[in-house]
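**Q**
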Amino acid sequence: MDEQEFMKVTLKQQKVISDPLRSRIIALLHEKPMTPKQTSVELGKNAGTIYYHIQQLYKHGILEIDHTETNKGVVEKYYRSKATVFKGPKQATDDDLVEGSHAHVLLSDELVTELNKDIRELYLRYGKKSFEESKNEAIKQKPYMIEFNMRKFEQEGGEEE
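By the count of full-length UniProt numbering, the sequence shown reaches residue 161 at its end, each step adding exactly one.
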């Protein structure tokens, strides 16, 4: 899947993906398709727990089956995430806001595409950093939702450039 793609999600799906462990599973299965067992080994978690979370993500349309393989008569399903960036119907309230900023800029279509690519790469980079940091038990992580929105801005006089 192209890293520039995002997936629109329902409130139910948004709730399903809000769990930090599920976010890690989504990021990991975006990099390469894996079985639940392979995913559990990679994350250092109980296989039954990972299987449950993968089934919930699959049931709610966040993961898809990439392919199957037969190993010693057992059919193994390899799952892949449909996206790593999700757009939900619910926006954060001001009380939820930890940090924020905005800028008004003039961009060509090409720069909009480049900016979106850079933002998605930044999400992936920090997802990987978060995973590495989670291996250090001395560090307490808290869940955050990071959003990036770009809107067309009407200039004075009502004309777009």
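Ideal Cβ placement from N, Cα and C applies to all residues, glycine included.
Just reading off the beta strand (DSSP E) that D66 is part of, what are its end residues?
**A** Taking the first residue of the sequence shown as 1, we reach residue 66 at position 66. Its beta strand (DSSP E) spans residues 63–71.
**Q** For V41, does the three-state DSSP call read helix, strand or coil?
**A** Here residue 41 corresponds to residue number 41 of the sequence shown, with the count starting at 1. It is helical.
**Q** Check the C-beta distance from T35 over to Y78 and give it rounded, since I have them as a contact under 8 Å.
**A** The count along the sequence shown starts at 1 and reaches residue 35 at position 35. The count along the sequence shown starts at 1 and reaches residue 78 at position 78. Between T35 and Y78 a beta carbon distance of about 6 Å is seen, short of the 8 Å cut, so the two are scored as contacting.
**Q** Going by beta carbon distance, what residues of the same chain come within less than 7 Å of K37, once the five residues before and after it are set aside?
**A** The sequence position of residue 37 within the sequence shown is 37, counting from 1. Its chain contains A47 as the residues whose beta carbon lies nearer than 7 Å to that of K37, once the 5 sequence neighbours on both sides are disregarded; these appear in chain order.
**Q** For L28, count the other beta carbons within 10 Å of its own beta carbon; 16 or more makes it buried, fewer makes it exposed. Which is it?
**A** Locating residue 28 in the sequence shown gives position 28, counting from the first residue. Answer is buried; the Cβ neighbour count reaches 16.
**Q** Would L57 pass as a contact of V16 if the rule is Cβ separation under 9 Å?
**A** What you label residue 57 is simply residue 57 of the sequence shown in a count that begins at 1. What you label residue 16 is simply residue 16 of the sequence shown in a count that begins at 1. Their beta carbons are under 9 Å apart, which means L57 touches V16 by this criterion.
**Q** Contact defined as beta carbons within less than 8 Å: I believe L21 pairs with H53. What is the distance between those atoms, to the nearest angstrom?
**A** Walking along the sequence shown from the start, residue 21 turns up at place 21. Walking along the sequence shown from the start, residue 53 turns up at place 53. Indeed they touch by this definition, with Cβ atoms about 6 Å apart.
**Q** Distance, Cα to Cα, K140 vs Q13?
**A** Here residue 140 is taken as the residue at index 140 of the sequence shown, counted from 1. Here residue 13 is taken as the residue at index 13 of the sequence shown, counted from 1. When rounded, the separation of the alpha-carbon atoms in K140 and Q13 is 26 Å.
**Q** So the candidates are K135, K129, Y123, R151; which of them puts its Cα closest to the Cα of V105?
**A** Numbered from 1 along the sequence shown, position 105 holds the residue referred to as residue 105. Ranking K135, K129, Y123, R151 by Cα distance to V105 puts R151 first.
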